[in-house]
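What follows is a set of notes on a single structure, which appears directly below.
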Amino acid sequence: MARRLLRGRVLSFVSEPQGLDDTDSYRYWDDGEVEIEDGKIVSVGPFDGTQHADTEIIDHRGKLILPGLIDPHIHFPQMQVIGSYAANLLEWLNTYTFVEEQRFAEEAHATRIASRFFDEMIRHGTTTAAAYCSVHPQSVDAFFGEAAKRDMLMVGGKVMMDRNAPEALRDTPQSGYDDSKALIGKWHGKGRAHYAITPRFAITSTPEQMEMAEALAREFPDLHIQTHVDENLDEIVFAKELFPNLPDYLGIYERYHLLGPKTLLGHCIHMTHREVEILAETRSVAVWCPTSNLFIGSGLFDHDRLHAHGVRMGVATDVGGGSSYSMLRTLDEGYKVLQLRGQRLNPLRSFYMMTLGNARAMSLDDRIGAVEAGKDADLVVLDARATPQMALRMEAVGSLANELFLLQTCGDDRAVVETYVAGKPMKSALAG
Ligand SMILES: [Zn+2]
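The sequence shown lines up with residues 56 to 487 when you count with the working numbering.
Dropping the structure here:
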């Protein structure tokens with residue numbers, strides 16, 4: 056394949072920014088280039104106009120070239136649930152989500168929505184996500200099948216759920232295990248697919264099913280595990296009733312040996328001191344979902360508390376509980392959540408979190424999350440002048456950090472000029 060060279064303002068983090076003046080935490084070239092071949096980044100550095108015979112040069116001058124954005128918690132069957140009016144989590148699940156997810160028994164529906172899902176990821180500059188599929192194996196086939204067509208690095212899994220849901224959405228401990236195992240064999244490691252063992256949350260799994268999830272985790276120790284914890288106060292009370300004699304909600308997953316460095320735990324809002332310590336000890340990942348937490352009214356994530364305890368963290372959309380596919384909108388709402396908590400989230404840290412930080416949270420930083428030679432060529436090109444009001448505001452913006460903050464505060468998919476997946480421009484190729 057011919058070489059492709061992107062010219063623009065290249066920004067990539069190398070470590071977690073400790074403050075706005077932490078210039079060691081990132082690399083930045085004002086007139087930079089990223090050279091791509093066979094889906095990988097070959098080199099990155101200042102633009103050199105002399106050495107590029109046989110190379111297609113794509114001019115993104117003035118725009119920011121960053122690693123593709125990463126969303127470590129999203130529900131692909133909830134595209135037609137986003138923006139549903141409900142009082143709280145359990146009402147939202149029962150009234151909308153558990154109804155909509157039943158439609159994924161039908162393969163044609165699952166395939167149509169999966170296709171639209173990846174188009175939406177690309178439109179918003181997201182190149183990798185960790186997604187919950189529905190209980191139906193065919194939803195996982197649709198998910199990974201459509202991801203493979205686009206060569207996208209995706210993490211996903213069939214939700215295991217055998218109680219407290221409509222019958223059409225329930226598996227059994229045995230069928231949940233068998234279906235998951237068959238899907239692991241079929242998809243994990245094929246192309247860029249990563250399977251995640253996915254007990255939906257403790258409320259929808261019996262102890263027998265949790266044992267089956269534990270058995271899968273033991274058989275396949277390299278896989279991700281994804282679930283939810285401590286999102287909503289009523290949910291916590293209910294979970295503890297269902298699993299009595301355990302110290303707390305996180306203690307349920309601990310009891311079944313489901314915690315560890317590849318475990319992604321959505322929400323982690325209302326946590327006891329013991330739970331925070333267990334998160335840190337097991338190196339499990341707390342995944343913060345600000346638009347979802349605000350939309351469903353679940354609570355305000357305590358970033359600084361978890362950070363002070365050394366808990367690993369990611370930040371995600373949680374569509375359809377979340378209200379936007381955009382990681383820019385997500386971090387904007389995240390910023391406001393922390394303002395209400397009296398905490399600060401500086402723009403360098405925001406952009407670190409949606410790129411390298413989330414890659415690290417997902418243990419995928421050997422492949423993605425940075426614009427570096429040898430990494431997969433998943434990139435996003437952002438324009439802080441994407442709308443008239445942003446362009447006007449940019450006239451008065453004098454620093455990279457303030458430009459990032461404007462992108463986060465006012466930007467959305469309109470600020471995404473192009474999305475490269477394994478070196479291919481994908482957004483400009485979308486119809487409509
Ligand atoms: Zn979720």
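Quick reminder that beta carbons are idealized off the backbone N, C-alpha and C, glycines included.
Supposed contact pair residue j and residue i - C-beta distance, whole angstroms, cut 8 Å
| i | j | result |
| --- | --- | --- |
| aspartate 431 | alanine 371 | Not really, about 20 Å apart at Cβ, beyond 8 Å. |
| aspartate 433 | threonine 182 | 4 Å |
| threonine 410 | proline 345 | Not a contact, Cβ separation roughly 17 Å. |
| alanine 57 | glutamate 111 | 6 Å |
| isoleucine 125 | alanine 414 | 6 Å |
| glycine 412 | glycine 369 | 7 Å |
| glycine 321 | valine 136 | Between valine 136 and glycine 321 the Cβ distance is about 16 Å, and since that is not below 8 Å, they are no contact. |
Bridge partners - residue i, DSSP secondary structure assignment
| i | result |
| --- | --- |
| methionine 368 | Ala341 |
| histidine 358 | Partner(s): none; histidine 358 has no beta bridge. |
| tyrosine 83 | Leu66 |
| lysine 479 | Val476 |
| threonine 181 | Leu124 |
| aspartate 431 | Lys95 |
| glycine 100 | Glu88 |
| arginine 58 | Thr110 |
| leucine 119 | Arg64 and Leu437 |
| glycine 186 | Note that residue 186 corresponds to alanine in the displayed sequence, not to glycine. DSSP, once it has assigned bridges, lists Ile129 and Gly211 as partnering alanine 186. |
| valine 284 | His322 |
Rounded straight-line distance, which links the Cα of residue j to that of residue i
| i | j | result |
| --- | --- | --- |
| threonine 442 | serine 378 | 21 Å |
| phenylalanine 356 | valine 214 | 25 Å |
| alanine 363 | valine 471 | 33 Å |
| isoleucine 113 | leucine 60 | 6 Å |
| alanine 248 | histidine 130 | 16 Å |
| arginine 218 | glutamate 296 | 14 Å |
| glutamate 458 | alanine 251 | 36 Å |
| arginine 422 | glycine 397 | 35 Å |
| aspartate 76 | tyrosine 407 | 14 Å |
| proline 72 | cysteine 188 | 34 Å |
| glycine 315 | arginine 338 | 6 Å |
| aspartate 359 | alanine 416 | 17 Å |
| histidine 328 | valine 154 | 36 Å |
| serine 483 | methionine 176 | 13 Å |
| glycine 231 | asparagine 149 | 21 Å |
| isoleucine 291 | tyrosine 304 | 6 Å |
| threonine 166 | lysine 236 | 21 Å |
| leucine 400 | leucine 319 | 22 Å |
| glycine 429 | alanine 446 | 35 Å |
| glycine 94 | glycine 100 | 18 Å |
| phenylalanine 298 | isoleucine 168 | 35 Å |
| leucine 121 | cysteine 323 | 28 Å |
| valine 340 | lysine 317 | 7 Å |
| leucine 271 | tryptophan 147 | 30 Å |
| valine 435 | glycine 123 | 5 Å |
Residue i, buried or exposed, once every other Cβ within 10 Å from all chains shown has been counted against 16
| i | result |
| --- | --- |
| tyrosine 140 | exposed |
| threonine 78 | exposed |
| lysine 245 | exposed |
| glutamate 201 | buried |
| glycine 63 | buried |
| tyrosine 308 | buried |
| proline 132 | buried |
| glutamine 193 | buried |
| valine 426 | buried |
| glutamate 348 | Looking at the sequence itself, residue 348 is asparagine, so the reference to glutamate does not match. So asparagine 348 counts as buried. |
| valine 69 | exposed |
| alanine 142 | exposed |
| lysine 204 | exposed |
| aspartate 109 | exposed |
| threonine 105 | exposed |
| glycine 306 | buried |
Reduced DSSP secondary structure (H/G/I, E/B, other) of residue i
| i | result |
| --- | --- |
| serine 378 | coil |
| histidine 279 | strand |
| tyrosine 232 | helix |
| tyrosine 250 | strand |
| leucine 75 | coil |
| histidine 37 | The displayed coordinates of the chain run from 56 to 487. Any statement about residue 37 would go beyond what the structure contains. |
| glycine 321 | strand |
| valine 136 | coil |
| methionine 449 | helix |
| valine 471 | strand |
| proline 221 | coil |
| serine 170 | helix |
| proline 302 | coil |
| glutamine 157 | helix |
| isoleucine 333 | helix |
| phenylalanine 198 | helix |
| glutamine 398 | coil |
| leucine 386 | helix |
| glycine 240 | helix |
Neighbour flag for residue i against chain C, beta carbons, 9 Å
| i | result |
| --- | --- |
| alanine 484 | The structure shown contains no chain C, having only a single protein chain. |
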